[in-house]
Every structure is written in structure tokens, then in C-alpha cells.
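Engineer: With the working numbering, the residue at position 92 of the sequence shown is 153, and numbering never jumps. Backbone N, C-alpha and C fix where the C-beta goes; we use that ideal spot for every residue, glycine too.
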Amino acid sequence: MWELTVLLLLATVEKPVLSLHPPWTTIFKGEKVTLRCDGYHPLLLELRPISTLWYLGHLLLPSYKKSIEVHTPGVYRCQTRGAPVSDPIHLSVSNDWLILQVPYAAVFEGEPLVLRCRGWYDKIVYKLHYYHDGQPVRYFHSSANYTVPQARASDSGRYQCSGTMRVPVESAPMFSAKVAVTVQGSPLDLASTTAPVPGNQPLSFRKPPVSRSVPSVPSVPNVTSAGPPFPAG
């Protein structure tokens with residue numbers, strides 16, 4: 062009877078929620094972000110300490126904490142005992158002058174969509190343009206986020222930003238890489254049309270090679286003081 066109860070509880074455990082802090086999927090080389098894994102555990106499973114498994118692709122990372130700091134690009138997932146693997150978060154690391162940062166979480170219709178054009182080492186970006194599918198949609202004199210207050214499906218597409226920076230004199234216009242954004246239907250619509258997908262199987266994995274960690278570079282918003290060496294290219 063006890064074993065049957067435990068099996069029933071395990072079958073109802075939801076997959077953990079993986080979150081990213083700060084919430085942007087692209088960072089500059091040398092920076093770190095924090096990943097946090099929040100799981101749901103029935104009381105019977107709390108009799109022992111809950112450990113967290115972390116995956117980078119199919120590599121098992123050497124940490125069992127609820128939160129970890131990372132700087133390596135790739136696809137991250139987490140898993141808690143008895144639960145399915147979380148949804149993935151894809152982290153990109155750039156060495157460009159400009160990056161366009163988009164939120165890691167899904168954007169649903171009716172919710173705000175916020176895009177952030179960021180200069181190398183948070184240098185102020187001047188003559189800032191945002192583009193949607195190659196067409197300019199917003200201009201700012203200097204660094205500012207582009208916000209769509211209530212996103213629609215038509216706001217899906219590829220976004221890009223451009224601008225100039227003073228390094229130390231004003232540069233020619235620079236362009237970020239293009240980033241794909243998908244605006245999904247409302248969560249209620251998805252819940253009524255999507256069947257649950259079972260997924261209690263852990264990922265297969267291999268141990269990663271030993272690597273040196275890269276020290277973090279604290280982010281200082283909108284400063285023009287000297288930063289790290291300029292990006293290549």
C-alpha cells in the first residue's frame with residue numbers, strides 16, 4: 062500500500078520551473094547569470110533532502126543546489142527527485158558591440174513584450190533603432206527598452222537593433238544579431254487545446270571535462286567609463 066501511494070504521488074509531480082536572473086537569454090562574454098530551479102514536492106517526498114540535477118545539453122553539471130551561476134552558452138535544464146525534466150533555457154554569449162536581449166519566458170498574447178538593446182559593457186547607445194522583420198519600429202535618442210504593451214501574434218518575428226557608441230568618439234552605426242521572438246496564444250487557450258505530455262524519464266548524461274571558471278563582470282547600467290577590452294571584429 063505504501064509503495065502504491067508513493068507511485069501515485071510521483072505520477073502527479075509537476076516538472077520543476079527553471080528561471081533565469083536577470084531574465085535575458087543573451088549576455089556578454091565574461092558575464093554570469095543565475096539559474097534557479099523551483100520544484101513541487103509532495104510531503105512524502107520531503108522526508109529526505111531534495112537535491113537538484115542540472116544539465117547543460119546532455120552533460121550533468123557538478124552541482125546539486127537550487128540555484129547556480131553560469132557563463133557558458135548552451136541549453137540548460139534542471140530536475141528534482143521524482144519529477145520530469147524542466148523546460149529548457151537557451152543561453153547565448155556574445156562578443157559583439159551590441160546585443161539585443163529578449164526575455165527567457167514565453168510571451169503570451171495580451172502580455173507586454175520588452176526588448177533591450179545593450180551596448181558593450183553597458184555603454185550608452187545613441188541614435189538607437191529597433192527593427193521588426195527588417196522594418197524600423199522605434200527610434201530613441203539614447204539607450205531605452207522597446208516595449209509592446211499588449212503583444213499579438215503579429216508581433217512575432219525577427220528583431221534587431223542598431224545604434225552608435227562613443228568609443229571614445231562616436232562610432233559608425235552598429236547592428237546587433239537578429240533574434241527570433243514568438244508570441245503565443247493565451248495560457249488558457251493552450252491549456253484547453255494541449256494534452257499533457259508524460260515525461261518522468263531523466264536525461265542520459267555524461268560527466269563534463271574539468272574547466273576553469275571565468276570571473277564575472279558586474280553590470281553597471283548606462284556608464285561610459287572604460288570597460289574590458291573591446292570585442293573582436
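1. Cutting at 8 angstroms between CB atoms, please list the residues of its own chain near G180, excluding the five before and the five after it.
2. Give the single residue among E75, E130 and V78 whose Cα lies nearest to the Cα of G91.
3. Using 8 angstroms as the threshold, is the segment 75-89 in touch with the segment 165-173, meaning 3 or more CB pairs across them?
4. Provide the residue span of the beta strand (DSSP E) that contains T113, from first to last.
5. When you compare only the Cα positions, how much space is there between Y137 and L96?
6. At what residues does the beta strand (DSSP E) containing A241 begin and finish?
7. Is Y165 helix, strand or coil when you go by DSSP?
8. For K127 and E172, I'd like the C-alpha separation in whole angstroms.
9. Buried or exposed: which applies to D194, given that a residue is buried once 16 or more other Cβ atoms fall within 10 Å of its Cβ?
10. Under 8 angstroms, with one C-beta from each stretch per pair, do the segment 110-126 and the segment 140-160 reach the 3-pair mark?
11. Relative to the C-alpha of D99, which residue among K76, S232, S247 and L121 is closest?
12. Among S155, M235, V154 and S215, which one has its Cα closest to the Cα of Y191?
Structural biologist: Looking at the atomic coordinates:
1. W158, L159, V186, S204, G224 and M226
2. E130
3. yes
4. First-last of the beta strand (DSSP E) with T113: T113 to L117.
5. 9 angstroms
6. V240 to V242
7. coil
8. 28 angstroms
9. exposed
10. yes
11. K76
12. M235
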